[in-house]
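For reference, the structure is listed below as structure tokens.
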Amino acid sequence: MKVGILGGGQLGRLIVLAGLPLGVSFRVLAREAEALAGLAVEHIAADYDDVEAIEHFAAGLDVATYEFENVSVGAVSALAKQVPVYPPPRALHTAQDRLHEKTFFQGLGIATPEFAAVESRADLHVAVDRLGLPAVLKARRLGYDGKGQVVITDPAEVEAAWQRLGGVPAILEQFISFDRELSLVAVRGRRGETAYYPLVENHHRSGILRVSLAPAPSAEPQLQRQAEAWAEGILQTLDYVGVLAIEWFEIGGRLLANEMAPRVHNSGHWTIEGAATSQFENHLRAILGWPLGGTSVLGCSALVNLIGTCPATADLLAVPGSHVHLYGKSPRPGRKLGHVTIRGEEWASIHEPLRQLLARVGEEQLSAGVLAPRPARAGG
Ligand code: AMP
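According to the numbering used here, the sequence shown is numbered sequentially starting from 2.
Structure representation (structure tokens):
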């Protein structure tokens, strides 16, 4: 089987690493594919809107997928005329635009923060009056890792926020003082079968995911049921195939949907060691029409991202039980260079190694939240 991947980043790399043992071969279309250098992968170095390159890319593929969601829907739709593309372009179209996405959620009865469309300065003032402050102004398109958004706390900041976003179409969202952030990684196969990993607790700093704890400690079973029921609605409505991630705010025992990513997701990297089947393998199984793998968890896992700089590999490996994944990318501030997963039978057993790891990667400031007392058993 030959799979084409649009995009040459770490998610593509991790998909390839999951597929090689299954005998899958890969072709990647990306201007840059530093994270895939050295892997046995065909690489076409071209832009996604290069029609000739897309044709060349598609020839002989069994299926194509994408590993980041800012690839143009036009390019993906052109590709879909030649080869099956999963997740379906419609999912990409919905996820790329925060207004479409939130409207879609609401149409399915999925709770979200209150929001309003903002096309102009006048709209923004009306929206601020309606939703109140604090609120978050988010560009509708091309936002990721907290980019393209501004928190407004005072009416005097409204004008500056509009300027800062550059006057692009946006949405204004009520600011949620959430208890914590969670995500759900879901997968749907070509025959409509679905599977879900447990909710994961996510810790961000400067808008970038730093740490995930899986399963989310002390999550009420009812939250998992709710997240799965809403995810099922999304998957079936979009006739989705592949892995889908949905990010949530938990507040007062309820979930509010923040956004979805029609791809494998950073908060699911722990599944490589911490679940019966990794999200990367399950994405491939889904898009190739193969049986999905189990999503049950093995104990509990903590995932720590390596951002901007990487400690020496030996120092990371010195943390008991650590599993180190480096992406082969050159260091740059804010860049995801790798991740480390620590897995144990229960939270108590990984508490100390996790504390050491956070210190080694310079994330001590997250320790209080991440290492807050956890119940004795995973997810219990
Ligand atoms: P996003 O790009 O929408 O995932 O937002 C990045 C981060 O900003 C989220 O992970 C939250 O930590 C924070 N954030 C986004 N929207 C809101 C909101 N409505 N209220 C409070 N925090 C938010």
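Every residue, glycine too, gets a C-beta built ideally from N, C-alpha and C.
Query: Beta-bridge pairing of Y1 - partner residues as DSSP gives them; Result: No statement about residue 1 is possible, as the shown extent of the chain runs from 2 to 381 and does not include it.
Query: Assumed close pair I343, P354 - CB separation to whole angstroms, cut-off 8 Å; Result: 5 Å
Query: Three or more C-beta pairs below 8 Å linking the stretch 83-96 and the stretch 241-248; Result: yes
Query: Where the beta strand (DSSP E) through W249 begins and ends; Result: 243-252
Query: For H386, the three-state DSSP class (helix, strand or coil); Result: The requested residue 386 does not occur in the structure, where the chain is confined to residues 2 to 381.
Query: CA-to-CA distance, L15 to L23, given in whole angstroms; Result: 13 Å
Query: Contact test: I308 Cβ vs the ligand NAP heavy atom, cutoff 7 Å; Result: Although the ligand NAP was asked about, the structure shown includes only the ligand AMP as ligands.
Query: Per DSSP, the bridge partner or partners of P197; Result: Note that residue 197 corresponds to Tyr in the displayed sequence, not to Pro. Paired residues: A187.
Query: Near the ligand AMP: N283 beta-carbon under 7 Å from a heavy atom; Result: no
Query: Whole-Å CB distance - L134 paired with W163, under 8 Å assumed; Result: Actually they are not in contact, since the Cβ atoms of L134 and W163 sit about 14 Å apart, beyond 8 Å.
Query: Member of W271, G322, L318, I235 whose CA lies at the smallest distance from the CA of A112; Result: I235
Query: F176 Cβ short of 7 Å to the ligand AMP heavy atom set; Result: yes
Query: Residue environment, P82, which counts as buried when at least 16 other CB atoms sit within 10 Å; Result: One detail in the question is off: residue 82 reads as Lys in this sequence, not Pro. When all chains shown are included, K82 counts as exposed.
Query: The ligand AMP heavy atom lying under 7 Å from the CB of G170; Result: It is Pro, not Gly, that sits at residue 170 in the sequence shown. Incorrect: P170 has no Cβ contact closer than 7 Å to the ligand AMP.
Query: Rounded straight-line distance, which links the Cα of A258 to that of E160; Result: 28 Å
Query: Distance, K139 Cα to S219 Cα; Result: 31 Å
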